[in-house]
Amino acid sequence: MERNYYIFTLFLLVIILAGCNFFDKNNNSENEKILKLPPYDVLTDSIRLLPGNADLYEQRALLLSQNGFHDLAGNDYKKAWELNPNETTAISYVSNLMITGKRDEATELLKQCITHYPANTGFKKKLADIYINEGKKNEARNIYDDMIRQDSNDYEAWYEKGILLAHLNDTAQAISCLETSFRIQPLQLSGLALANLYAETKNKKTPELCDALSKPESPEPLIDAVFLKGVYYSNIHDYSKAIDQFNRCITLDWKFTEAYLEKGIIYIEQKDSKNAISTLTLATTVSNTDPDVYFWLGRAFELEGNKQEALNNYLRAAALDRNFTEAKERIKHLQNLD
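Take the sequence shown: its position 128, counting from 1, is numbered 608 in the numbering used here, and each next residue is one higher.
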């Protein structure tokens with residue numbers, strides 16, 4: 481009996497292995513068929529005649545990528561890289577490896593490129609991005625530090641390091657890096673990131689920076705800068721000025737949900753349930769899928785003493801975001817009161 485079972489198991493294993501090989505052959509066959517179809521057929525014929533021409537592989541890889549055949553494109557990028565390793569091919573090959581989820585291979589290729597093409601900071605930035613996505617933030621920080629050592633005016637490296645430090649809750653150093661980046665190259669991207677940290681830390685430089693970001697030559701002020709200016713005034717409890725800024729945001733774009741939300745929160749802070757409910761109800765018409773809006777509308781109704789409407793809004797918030805802990809706590813609290 482045991483011998484028969486052993487034979488059956490072995491037979492089954494052989495079938496499985498044969499089946500896997502069969503599917504591999506089928507996949508290869510399908511791939512060959514695709515490469516023989518237009519628009520790839522001309523390049524496939526050329527590659528057959530000139531198998532050592534890296535440009536032909538790269539051209540076919542680009543076409544395959546454009547049509548969503550990323551795995552097939554990866555084979556061609558790999559071949560092109562092996563035949564003629566250069567920066568342009570490396571960038572395309574790395575992008576393909578990232579798209580197809582081959583991060584380890586992308587990491588190794590980037591390390592090679594950093595060694596061979598040290599002047600090209602793009603490879604270092606891509607490697608830092610991979611490290612950040614993998615949670616290796618210290619490794620990413622080391623890359624930015626190395627870039628800055630090599631070029632202290634690399635405003636992009638200063639910016640990326642600042643954003644990374646902000647995520648690591650090293651706010652003071654993050655601000656310093658973003659200030660350096662903005663000083664070297666005053667871009668809106670770094671300016672808004674800096675203004676955001678200024679506002680959150682109640683830095684007195686916030687209004688001036690926000691005004692600077694709204695360039696005089698622009699027909700309308702930059703709405704994000706106006707909003708952050710409002711956040712700053714709200715954080716220092718200058719609610720009148722804060723509401724003025726949020727109203728400006730709404731005037732510039734009536735769909736700017738965050739402005740209604742922050743304005744409603746201020747009214748709740750001031751125990752003004754009537755204006756809070758009015759403002760946040762309007763916000764639900766602008767965006768009916770934002771769980772924060774329903775949560776704070778619930779708070780406004782709770783402030784008014786309308787427990788049922790408060791509960792209804794907390795339930796909507798929790799339904800839109802199943803991980804909304806605060807909403808679930810308020811639901812539990814109100815249900816326990818009954």
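In this text, a Cβ means the ideal position worked out from N, Cα and C, and glycines have one as well. Just so you know, these numbers come straight off a predicted model, no measurement behind them.
| Asked | Found |
| --- | --- |
| Runs of alpha helix (DSSP H) lying entirely within the region 563-628, each at least 4 residues, in chain order | 567-579, 583-596 and 601-613 |
| Among Glu782, Leu777, Arg663 and Asp772, nearest to Arg802 - alpha-carbon criterion | Asp772 |
| C-beta contact flag for Tyr712 and Thr686 at 8 angstroms | yes |
| Contact belief for Lys604 with Ile594 at Cβ below 8 angstroms, rounded distance in angstroms | 6 angstroms |
| Local conformation of Phe804 per DSSP, three classes | coil |
| Secondary structure of Lys754, DSSP reduced to three states | helix |
| CB of Tyr740 within 8 angstroms of CB of Val766, strictly | yes |
| Option nearest Ser632 by Cα separation, candidates Gln665, Lys684, Leu607 and His647 | Gln665 |
| Among Asp625, Ile612, Arg663 and Pro531, nearest to Leu648 - alpha-carbon criterion | Ile612 |
| Boundaries of the alpha helix (DSSP H) in which Ile655 is found, first to last residue | Thr651 to Ile664 |
| C-alpha distance - Tyr537 paired with His596, whole-angstrom precision | 22 angstroms |
| Run of the alpha helix (DSSP H) containing His717, from where it starts to where it stops | Counting along the chain, His717 falls outside any alpha helix (DSSP H), and DSSP gives it neither H nor E. |
| Where the alpha helix (DSSP H) containing Lys641 begins and where it ends | Tyr635 to His647 |
| Status (buried if at least 16 other CB within 10 Å, exposed otherwise) for Leu490 | Residue placement at Leu490 is flagged as unreliable, the pLDDT there being 46, under the threshold of 50; the coordinate-derived value follows with that caveat. Exposed. |
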